[in-house]
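Asker: Numbering (the numbering used here), first residue to last: 3 to 860.
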């Protein structure tokens with residue numbers, strides 16, 4: 003008989019162990035080595051059996067064991083020291099507070115609180131609220147913010163089943179199971195109002211229904227993470243299922259999840275701030291478009307609470323909103339039927355007269371029947387970014403239509419390249435070396451990695467051997483478990499005890515399994531792959547993992563194809579697909595592989611942080627030049643797989659890139675790994691490992707990423723928001739009125755005539771200047787409302803400008819409605835040269851001159 007509900011019953015702590023509860027209640031233990039060691043020492047066998055889940059372990063520790071620990075003076079001293087360290091970590095000033103104290107990073111504009119919204123958060127496998135890179139990135143963002151002291155509050159949903167657990171059928175087909183998670187058994191605390199009642203929020207739904215949600219808090223170091231749970235008694239059966247699983251259900255189900263995340267998330271923030279006295283956020287960060295409705299809720303609050311118009315409220319909201327896009331393909335964007343969104347707007351409005359057409363226009367796209375969440379995010383965020391330099395460029399092209407008339411280079415989307423949280427992803431062995439020679443504080447601040455030169459080759463190689471051996475043991479363990487799950491008998495799986503070899507070059511490939519990531523590219527020529535695996539002198543072994551979306555049969559076919567190849571008795575000791583990829587498995591892979599493989603279709607990998615985690619452990623990357631690797635590959639930190647960009651035939655492209663992959667492994671990677679002319683240490687390989695740690699170590703850190711967000715996006719957004727809100731939203735009202743005036747006048751704005759004159763006689767010579775004179779009709783606007791620029795650079799075969807620069811033209815005179823402008827353009831390059839003149843709106847309250855989406859070009 004199956005239980006209706008489950009809960010966790012724990013033995014009471016003796017008074018001497020009360021501090022243990024504080025350590026377990028804060029998820030800092032998940033990346034703090036001393037805390038992990040302490041928890042393991044409570045009961046090493048139980049710690050392992052409980053999957054390193056301290057809450058679960060402590061729920062099963064006997065009263066006798068607790069009594070024994072309470073009498074153990076050595077354990078009590080360690081407990082007190084670690085508790086004191088946690089208190090210091092939570093209370094002492096850190097990087098962010100020092101910026102405020104020292105006047106750095108425009109300290110006067112640093113926000114007191116920042117809200118960070120994401121549909122998933124990968125903090126630890128103990129809190130399974132993530133599916134892949136987006137969630138892991140969000141988790142690393144919160145951890146790094148905590149380490150730096152950045153005052154973020156995370157906002158997400160609590161999924162009853164999280165993402166699915168993956169297993170394989172006998173024939174290699176992906177199977178999904180959705181375990182039920184009891185919030186009482188997770189590292190969460192129910193938020194309570196000041197009067198002790200549970201803190202809950204509500205959203206009206208169509209047909210007079212209401213969606214209620216309980217607010218839970220996960221403490222991630224210094225950062226509270228608010229998670230909303232709809233599985234409560236106040237809801238009807240359908241509403242209880244809204245937070246049943248991550249990325250599950252049909253369109254209406256997903257829309258209601260995103261309404262709860264956005265609208266409900268703002269209301270949860272208000273409840274949390276009221277209950278705790280925390281300052282209200284001035285900056286709201288949307289991690290992808292899933293949380294876009296947060297902007298609509300904030301508009302509603304301002305209209306209702308402050309009496310502003312929709313136009314005025316949206317200016318105030320945009321000023322403090324940051325939007326990050328993670329997808330390089332339109333198919334990765336959440337898009338809903340427009341009429342479905344319209345039907346839910348009554349609940350969003352919450353009784354306020356929000357104009358439905360204006361809200362629907364926020365998500366407008368080419369298809370009038372579709373509401374586009376990314377478009378809403380971009381229209382509500384005054385500042386937006388991609389997650390690598392290349393992805394920023396791809397995003398500007400992808401969303402160019404939202405700024406008609408602008409070249410993609412002028413689309414106001416910047417980039418902040420993702421990073422990873424070193425204490426979470428670095429093996430203890432590597433981290434100990436780095437902290438010894440570089441220093442923990444210096445590492446956290448992103449400097450000092452050149453000190454890795456103090457470590458000799460033999461020590462680095464020994465650590466790499468230890469980590470590879472640890473991975474091999476984990477692979478064998480998981481291969482055995484998977485084989486049993488697939489229905490194989492013990493007598494069939496004895497070979498798993500000897501699969502893989504701790505001394506063989508080990509390549510790792512692990513990620514989600516959409517088609518563009520090309521899980522099976524390595525199978526384009528199975529016999530050539532087989533030859534690499536079984537090479538008698540320079541063998542290769544490959545460990546593979548990844549989940550396909552439950553509705554993606556194409557992805558499941560790819561997994562099944564890979565599993566069938568790996569099941570072949572002739573190669574199964576050299577290649578495997580491990581099911582149920584999660585944080586726990588990922589650590590072993592990042593720690594132990596020698597090479598991290600990534601072969602997406604360029605440029606469809608937005609960033610690809612898995613290779614960063616491997617690099618922090620001394621692995622070398624073997625990747626298509628996409629995402630972060632396009633930005634930081636330098637020729638000595640790994641290998642770049644040539645990409646056949648632009649080739650029309652996808653099969654031909656796959657063949658060419660697979661051949662390049664085989665060639666690199668056979669002729670470069672394996673020879674370098676096995677080349678040991680002076681003994682057991684492959685000196686040239688270790689040189690690449692050392693170079694990787696020195697050059698990539700400072701770059702790939704999440705602390706670098708979060709500090710960039712603070713300097714380049716959060717601080718400017720806070721400054722803009724503060725200006726808009728001051729004096730009863732005076733600047734928001736001013737900007738709304740100005741924007742209406744400019745938009746109304748713009749159809750009459752045009753460049754009437756442009757003439758030029760060289761500074762010298764005869765042909766244009768390098769070093770001369772070109773004087774431009776332009777006549778511009780301003781349509782009744784003042785010259786103070788616009789900027790007129792010369793745009794110049796090289797020209798391609800279609801006379802399009804390349805390597806563009808701009809120069810502001812100055813007002814000369816205004817006669818009969820025509821304003822004359824003049825300025826100089828330097829001739830600083832030889833070859834083809836071109837120029838034009840453009841007019842853009844200009845206002846000190848704009849973050850970009852492209853913000854209004856209007857332009858006039860000669």
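Note that beta-carbon positions come from the ideal geometry of N, C-alpha and C, so glycine has one too.
Bear in mind the structure is a predicted one, so any value in this text is a computation, not a measurement.
In the DSSP output, what is residue 740 paired with across the bridge?
Answerer: In DSSP, residue 740 forms no bridge with anything.
Asker: Comparing alpha-carbon positions, which option in 165, 649 and 204 lies nearest residue 552?
Answerer: Comparing Cα positions, the closest option is 165.
Asker: Give the list of continuous alpha helix (DSSP H) stretches no shorter than 4 residues that lie fully inside the segment 191-279.
Answerer: Within the segment 191-279, the complete alpha helix (DSSP H) runs of at least 4 residues are 239-242, 253-261 and 267-278.
Asker: If you compare alpha carbons, which of 178, 244 and 764 is closest to residue 213?
Answerer: Taking only the C-alpha atoms, the option nearest residue 213 is 244.
Asker: Give every residue of the same chain whose Cβ lies closer than 7 Å to the Cβ of residue 768, excluding the five residues on either side of it in the sequence, and list them in chain order.
Answerer: These residues qualify, in order along the chain: 829 and 832.
Asker: Please determine if the segment 151-167 and the segment 259-274 are in contact, where contact requires at least 3 C-beta pairs separated by less than 8 Å.
Answerer: Yes, they touch.
Asker: Name, in chain order, the residues that DSSP records as bridge partners for residue 641.
Answerer: 624, per the DSSP bridge assignment.
Asker: Pull up the CB-CB distance for residue 499 and residue 470, whole angstroms please, since I reckon it's below 8 Å.
Answerer: No, residue 499 and residue 470 are not in contact; Cβ-Cβ is about 17 Å, not under 8 Å.
Asker: By alpha-carbon positions, which one of 86, 726, 794 and 171 ends up nearest to residue 318?
Answerer: The option with the nearest alpha carbon to residue 318 is 726.
Asker: Report yes if the C-beta distance between residue 623 and residue 600 is below 8 Å; otherwise report no.
Answerer: For residue 623 and residue 600, yes; Cβs fall inside 8 Å.
Asker: Over what stretch of residues does the beta strand (DSSP E) that includes residue 324 continue unbroken?
Answerer: Start and end: 323-326.
Asker: Between the beta-carbon of residue 840 and the beta-carbon of residue 454, is there less than 8 Å?
Answerer: No, Cβ-Cβ distance for residue 840 and residue 454 is not below 8 Å.
Asker: Identify which residue in 822, 667 and 742 has its Cα closest to the Cα of residue 843.
Answerer: The shortest Cα separation from residue 843 among 822, 667 and 742 belongs to 742.
Asker: Which residue from 738, 414, 457 and 731 puts its Cα closest to that of residue 434?
Answerer: With distances taken between Cα atoms, residue 434 lies closest to 457.
Asker: What do you get for residue 377, buried or exposed, if any count of 16 or more other CB atoms within 10 angstroms of its CB means buried?
Answerer: Per the 10 Å Cβ criterion, buried.
Asker: Going straight from the alpha carbon of residue 71 to that of residue 448, what length do you get?
Answerer: So the two alpha carbons sit approximately 39 Å from each other.
Asker: Please return the same chain residues whose Cβ sits closer than 7 Å to the Cβ of residue 513, not counting the five positions on each side in sequence.
Answerer: For residue 513, where only same-chain residues beyond five positions count, the Cβ hits under 7 Å are 519, 548 and 612.
Asker: Identify, in the order they occur along the chain, each residue of the same chain with its Cβ nearer than 6 Å to the Cβ of residue 745, setting aside the five sequence neighbours on each side.
Answerer: Closer than 6 Å at Cβ, skipping near neighbours: no residue.
Asker: How would you write the range of the alpha helix (DSSP H) that residue 143 sits in, first residue to last?
Answerer: Taken as a continuous stretch (DSSP letters only), the alpha helix (DSSP H) holding residue 143 covers 135-150.
Asker: Can you tell me whether residue 202 is buried or exposed, with buried defined as 16 or more other CB within 10 angstroms of its CB?
Answerer: Its Cβ being crowded by 16 or more others within 10 Å, residue 202 is buried.
Asker: Can you find the residues in the same chain that come closer than 8 Å, C-beta to C-beta, to residue 207, ignoring five residues on each side of it along the sequence?
Answerer: Only 213, 241, 258, 346 and 349 meet the Cβ criterion.
Asker: Using alpha carbons as the reference points, say which of 762, 771 and 749 lies closest to residue 778.
Answerer: Among 762, 771 and 749, the Cα nearest to that of residue 778 belongs to 749.
Asker: Counting only the same chain and skipping the five closest in sequence on each side, list residues whose C-beta sits under 8 Å from that of residue 674.
Answerer: The residues are 684, 686, 687 and 690.
Asker: Residue 779 lies in the beta strand (DSSP E); which residues open and close that run?
Answerer: Residue 779 -> beta strand (DSSP E) spans 771-779.
Asker: Three-state secondary structure (DSSP) at residue 70?
Answerer: Three-state result, residue 70: helix.
Asker: Under the DSSP definition of a beta bridge, which residues are partnered with residue 629?
Answerer: Paired residues: none, contrary to the question.
Asker: Which of helix, strand or coil does DSSP assign to residue 480?
Answerer: In the structure shown, residue 480 sits in a helix (DSSP, three-state: H, G or I).
Asker: Tell me which residue opens and which closes the alpha helix (DSSP H) that residue 758 is part of.
Answerer: Element bounds for residue 758: not the alpha helix (DSSP H) but the beta strand (DSSP E), 752-760.
Asker: Can you name the residues that DSSP bridges to residue 598?
Answerer: Answer is 510 and 623.
Asker: Cα separation between residue 594 and residue 635?
Answerer: Distance between the alpha carbons of residue 594 and residue 635 is about 21 Å.
Asker: Going by C-alpha distance, which of 262, 587 and 797 is nearest residue 294?
Answerer: Among 262, 587 and 797, the Cα nearest to that of residue 294 is on 262.
Asker: In angstroms, rounded to a whole number, what distance separates the CA positions of residue 758 and residue 818?
Answerer: Straight-line Cα distance between these residues: approximately 22 Å.
Asker: Who are the near neighbours of residue 781 in its chain, counting only those whose CB is closer than 6 Å to its CB and skipping five residues on each side?
Answerer: 747, 750 and 751.
Asker: Which residue wins for smallest C-alpha separation from residue 279, given the options 381, 386, 220 and 115?
Answerer: Nearest C-alpha to residue 279: 115.
Asker: Have a look at residue 228 and residue 653 and give me their C-alpha separation to the nearest angstrom.
Answerer: Residue 228 and residue 653: Cα-Cα distance of roughly 46 Å.
Asker: Which whole runs of the beta strand (DSSP E) in the segment 523-575 are 3 residues long or more, in chain order?
Answerer: With a minimum length of 3 residues, the continuous beta strand (DSSP E) runs that stay inside the segment 523-575 are 542-547.
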